[in-house]
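Chemist: Chains as they are written, first to last, in our numbering: chain Y, 1 to 119; chain F, 1001 to 1185; chain V, 2001 to 2159; chain D, 3001 to 3097.
Positions of the beta carbon are idealized from the N, C-alpha and C atoms, including for glycine.
See below:
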């Protein structure tokens, strides 16, 4: 009984994880500008990675493999966020201005904050 | 079967990436694409069970060479020069060489063929004795580090020298840039 | 003391990755981690300012569960945006003040913002983060402030 | 069987990212796409390990995760602090280092 449940669970996880990965990639294709694409990348970085790793862990069972998978998952989880942030901040610094809603232009004049790279 | 299909798809993507690399003129995108190219190559190595080669490809191809190429771009130019001569003759040479290579592979034994000459020479001895001799679980490691230890030492020396050479070249270029700039000012 | 601790951590990682537990290989592992630490010390790569962890781990686990739910929810939101035939993006940048005292708390908060799709921490400035949102609404300020309070609750008072 | 599905999902995602990598107007689009591509590769190696029944390949996946992160950060550091990486118009040589 238990193996069946585990199988079903991991099927669900891997299917949804794969779906989220594809959706993230499609989002990268469809979104109109860089700043929107960042968010699409973060879909496959969070949901896709978590679900696929969890599904593989369930299939591997309580072995060393699961531990390694968890280490990989944790690492991807942390570095995914960090590298997204690094990409965004590097883009901002180099002067790629993010689109901003019109009515609230008072507080986010982020274009002025772009420093000169290279010093 | 499934692995074959995956192989074919990966090769397809590899060829697409290579064509894209040839087409691009902006060198940044070429560097990015080259990184992806080496990721795909390493995936192919993994599907062929060549784990150690995939390791090397990961560390060198995707990691270090990207950084080195970016460093080179920083010292030189950001755009590839447009070709001045027609590409017909080079294309012809490349096509003939490629065809000859493909013709050559027809005589090669199939991938993973147990009766291939390479598998019959000393391979079986290594496979049989390495665990006893070396007490290491991975045969590739014991071949690289012990049976072929001198080969590996030579390879390491070559790679190390190459690395130092690249570092010298890049730092020399940077120094010259700086001196020129100072002279201009 | 710190060196010994780092060596042990490295060796534990080695044991985890190795999977072969025989005297010879374990010895190799121990020797290689000691060599790595020695080289690291010579390069001054091990700094003398240990990371101060003022985190309540039990609360951290609860927060992690809550974060997972948030990630699931916002993933669904962004997925709807991606697959919708007509895109209605309301991209915006805004400032989110942080209330965490320790560096680690601020890092956790910033990474949590980035991990939930739809919001990304772009830049850290004194007193606040610059956050970029994909589908901005007025409620976002309150939602992120709530997340910030939860992260702050995880912190124990810095000694 | 489920790993076959996962592998094909990853391949589809990779093709999409390749297109973005090729088209991507700015440098940062490319960095983003190649970083995502690296993440996909890590997952793919894991899936391949299960597919061929030898999940020992996870070591490479781990190495890839490390290399990919370091590579991305290195590239971005270059763009941010190096004398290049301009998306907007700016004099080709930045004024004296």
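Return yes when the Cβ of residue 3063/D is within less than 8 Å of the Cβ of residue 1198/F, no when it is not.
Modeler: No answer is possible for residue 1198/F: the residues shown for chain F start at 1001 and end at 1185.
Chemist: Closer than 8 Å, CB to CB, is residue 43/Y near chain V or not?
Modeler: With 8 Å as the cut-off, residue 43/Y counts as an interface residue toward chain V.
Chemist: Is residue 2032/V close to chain F, meaning its C-beta is less than 8 Å from at least one C-beta of that chain?
Modeler: By this cut-off, residue 2032/V is not an interface position.
Chemist: Does residue 112/Y come out as helix, strand or coil in the three-state DSSP assignment?
Modeler: Summary for residue 112/Y: the model assigns pLDDT 34, below 50, so the residue's position carries little reliability, and this model does not support an answer.
Chemist: Under 8 Å between C-beta atoms, does residue 81/Y make it to chain A?
Modeler: No chain A is present in this structure, whose protein chains are Y, F, V and D.
Chemist: Going by beta carbon distance, what residues of the same chain come within less than 8 Å of residue 116/Y, once the five residues before and after it are set aside?
Modeler: Because the pLDDT of residue 116/Y is 33, which lies under 50, any placement of that residue in the model is unreliable, and the question is left without a value.
Chemist: Tell me whether residue 2080/V is buried or exposed, calling it buried when 16 or more other Cβ atoms sit within 10 Å of its Cβ.
Modeler: It counts as exposed.
Chemist: Could you tell me whether any Cβ in chain V is nearer than 8 Å to the Cβ of residue 95/Y?
Modeler: Not closer than 8 Å to any Cβ of chain V, the Cβ of residue 95/Y fails to qualify, so no.
Chemist: With 8 Å set as the bound, which would you pick, yes or no: does the beta-carbon of residue 3080/D sit closer than that to a beta-carbon of chain Y?
Modeler: So yes, residue 3080/D belongs to the interface.
Chemist: Strictly under 8 Å for the Cβ-Cβ distance: is residue 3087/D near chain F by that measure?
Modeler: Residue confidence is low: residue 3087/D scores 36 on pLDDT, short of 50, so the model does not pin down where it sits. Its coordinate-derived value is still stated next. No, no contact with chain F.
Chemist: If you draw a straight line from the C-alpha of residue 112/Y to the C-alpha of residue 93/Y, how long is it?
Modeler: The predicted model places residue 112/Y with a pLDDT of 34, which falls under 50 and marks its position as unreliable; any figure quoted below should be read in that light. Going by the C-alpha atoms only, they are around 10 Å apart.
Chemist: Note down, in chain order, all residues in the region 1123-1144 of chain F with a beta-carbon under 8 Å from any beta-carbon belonging to chain V.
Modeler: Listed by position along the chain: 1135, 1136, 1137.
Chemist: For residue 2063/V and residue 2098/V, I'd like the C-alpha separation in whole angstroms.
Modeler: Taking the straight line joining both Cα atoms gives about 17 Å.
Chemist: In the DSSP output, what is residue 1026/F paired with across the bridge?
Modeler: Per DSSP, 1079/F.
Chemist: From residue 2026/V to residue 1090/F, what distance separates their C-alpha atoms?
Modeler: Cα-Cα distance, rounded: 55 Å.
Chemist: Comparing the C-beta of residue 2147/V with each C-beta of chain Y, is any distance below 8 Å?
Modeler: For residue 2147/V, the answer is no, since every Cβ of chain Y falls outside 8 Å of its Cβ.
Chemist: Taking the continuous alpha helix (DSSP H) assigned at residue 3048/D, which residues delimit it?
Modeler: Its alpha helix (DSSP H) spans residues 3027-3051.
Chemist: Expressed to the nearest angstrom, what Euclidean distance is found between the alpha-carbon atoms of residue 1075/F and residue 1069/F?
Modeler: Roughly 10 Å separates the two Cα atoms.
Chemist: Is residue 2016/V close to chain F, meaning its C-beta is less than 8 Å from at least one C-beta of that chain?
Modeler: Not an interface residue.
Chemist: Just how far apart, CA to CA, sit residue 1105/F and residue 1099/F?
Modeler: For residue 1105/F and residue 1099/F, the distance between alpha carbons rounds to 10 Å.
Chemist: Quick one: using the 10 Å Cβ neighbour count with 16 as the cut-off for buried, is residue 1162/F buried or exposed?
Modeler: That one is exposed.
Chemist: Candidates 28/Y, 96/Y, 74/Y, 78/Y: which alpha carbon is nearest residue 3021/D's?
Modeler: Of 28/Y, 96/Y, 74/Y, 78/Y, the residue nearest in Cα terms is 28/Y.
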